[in-house]
Structure formats: structure tokens, C-alpha cells
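Here is the structure we will look at, set down as C-alpha cells.
Numbering (my numbering), first residue to last: 335 to 636.
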């Protein structure tokens, strides 16, 4: 997908000033039809589902492919509670699931098991999968299962452009721009380790700007909303977190959900390294937008 006019302008200036790259963000959206799936219509409503299958999902891609083999059985309303471990074989041989509607328990066996329930849910299933071999959770010989939880921290900068008043972006592109990580790669920091990258985008402010203009009403409001606002651009950094043993998730066996499974508790906070990185994320965003010629710049986050 293409960068718009302001993003291209910022790209050129960042390259000249800092030798940093601004490029289009990578997303799982088709820009042309492919194998029965349609192309992206630039609605930026991927979260609602994609009727034409342009946005990759199991519904549009992998499940239809599996169904065509004739060897797939899809069982909805199944909540995986735990893995079944076989002492004789020395491996997991199946899963125990709970029907979300009837609360009846079923067991399914398989030669290969893929545990793809996302970070927290996969960890919860493993912690709940206790056996004689793994009394503290599946694979948890080290006791580290659930520890060293990491998440991104966010901060950035925003600014307004006085250029391109005669230009208007077409459609609603679903992806952001990307400024790949440069800190502690080519440009070293004395204050912290690891680094961050920037997402963000440029566009013209729309109808929502009237939320901050309560005096507008009637014909004046309609006229204002029909006119495009100024060009703006944001740079939002996604920072790495250090793994720390005390940041963890754990089960609460005395608190069960509606299906009788223990709730997962989360205990996590950012440390000094993240705080110092956040300050740099804001300062670097301001520095880049100022170099790119934007006005009224301000930082956010942290």
C-alpha cells in the first residue's frame, strides 16, 4: 500500500536529516484478488471482519483450505481446559475441553497438538495442565512458566502540517507507516538497553474535530464538517520491555470462571529501563516531526 503525500514528504526529510527510514507498515491485507479472496476496499474496519476475505483470518484462509481436504472437523463452543499428558509415551496426547453451552467435558486425542491460544491463554492452559510428570504445569520443570511477562510500552508525538492543503487522501488505508528501530542498532543510548520502532500515520482531521468546538451548530456545523481539516501526523513508538522474573501470570484456584476453570491473574509493571526508553521515544518523536517541518508538535504517552 502507498504512503500519502505528507508521509512521503516526512520520509524524505527524515532520510536527509537522520538517515532513518520511514516505510509503509506491513499488514495481512491483499491489494489484489488472490485464490478466491477479494482485494482490500480501504475501509479500515478489519476488526469487524472482512466480507471479501482481503484481510487474512482463519475464516477466510486456513479453515476453507482445511475444509476442502475433507479431513477437518470443526467443533465450536469448545473451551480448552488442559492438555492430556501420557506418562508411558512421555508427551501430550490430547486436550480436554468444556462445551461452553452444556458444560459437558470431552477429550480429543491427536498425534500433533498446536497450542495457539495467544500468550496469556496458552500459559493458563499449560499452568492448568497438571500431571504426575508436571505437578506445577505442563513443561514447567524450571518453575519459570508464567514468569518474565513482557508487553510493549507506548509514547510518541503529534504535529500539524501547513502543506498539501489541495490534497486529500483516498479511502481509509488499514495500515500505519513504520520507522524501524534505530536506537541501540546504529544510534547507541547511554541510558538504557533495547529499543523501539514507530508506527503512526498522516491524514486530514475529519468530523471528530467538531467535538472540541461546542459553539458550532446548524448550518455552520454542517459546512465545517463538509470541509477537510488540516493535515496531521502522529508517530507512536512501541518500546521493548525487559524480562523480569517478578512480572508474571498465575492461576487463582480459589476463583473459578463460569466453566470451572481457575482465573488467570496478571502482575506486571514497567521498570527503570522502560521509563528511560519512554522519555527517548517522546523526545525522538518530537525531534523527527520538527525536522519534517510540522507545527504545533506535542508529545503523548508515558
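Beta carbons are placed, not taken as given, at the ideal position from N, Cα and C, and that holds for glycine.
Since this is a predicted model, take the numbers as computed values, not measurements.
Whole angstroms are fine: how far does the CA of residue j sit from the CA of residue i?
i: residue 458; j: residue 483; result: 13 Å
i: residue 496; j: residue 344; result: 13 Å
i: residue 532; j: residue 477; result: 35 Å
i: residue 388; j: residue 465; result: 43 Å
i: residue 508; j: residue 405; result: 34 Å
i: residue 373; j: residue 390; result: 11 Å
i: residue 613; j: residue 558; result: 37 Å
i: residue 550; j: residue 544; result: 7 Å
i: residue 500; j: residue 342; result: 16 Å
i: residue 420; j: residue 470; result: 16 Å
i: residue 498; j: residue 546; result: 24 Å
i: residue 368; j: residue 440; result: 38 Å
Could you confirm whether any beta carbon from chain B is found closer than 7 Å to the beta carbon of residue i?
i: residue 519; result: Note that chain B does not occur in the displayed structure, where there is just one protein chain.
Please name the residue, chosen from the options, that lies closest to residue i on a Cα-to-Cα basis.
i: residue 364; options: 386, 586, 473; result: 386
i: residue 366; options: 599, 376, 467, 357; result: 376
i: residue 412; options: 470, 432, 379, 403; result: 432
i: residue 435; options: 593, 632, 489; result: 593
i: residue 430; options: 421, 405, 505, 444; result: 444
i: residue 362; options: 352, 348, 384; result: 384
i: residue 632; options: 505, 626, 494, 516; result: 494
i: residue 357; options: 510, 422, 438; result: 510
i: residue 351; options: 635, 634, 551, 621; result: 621
i: residue 502; options: 422, 530, 398, 561; result: 561
Are the beta-carbon atoms belonging to residue i and residue j less than 7 Å from one another?
i: residue 461; j: residue 585; result: yes
i: residue 491; j: residue 623; result: yes
i: residue 416; j: residue 463; result: yes
i: residue 610; j: residue 525; result: yes
i: residue 473; j: residue 582; result: no
i: residue 571; j: residue 489; result: yes
i: residue 512; j: residue 619; result: no
i: residue 424; j: residue 442; result: no
- Query: At which residue ranges does the region 366 to 438 contain complete alpha helix (DSSP H) runs of 4 or more residues, listed in the order of the chain?
  - Reply: 397 to 402
- Would you call the region 565 to 576 and the region 537 to 546 touching, i.e. three or more CB-CB distances under 8 Å? yes
- Between the region 593 to 605 and the region 569 to 582, do at least 3 Cβ pairs fall closer than 8 Å? The region 593 to 605 vs the region 569 to 582: in contact.
- Item | Start-end ranges of the alpha helix (DSSP H) lying completely within the region 447 to 497, minimum 4 residues | 453 to 462
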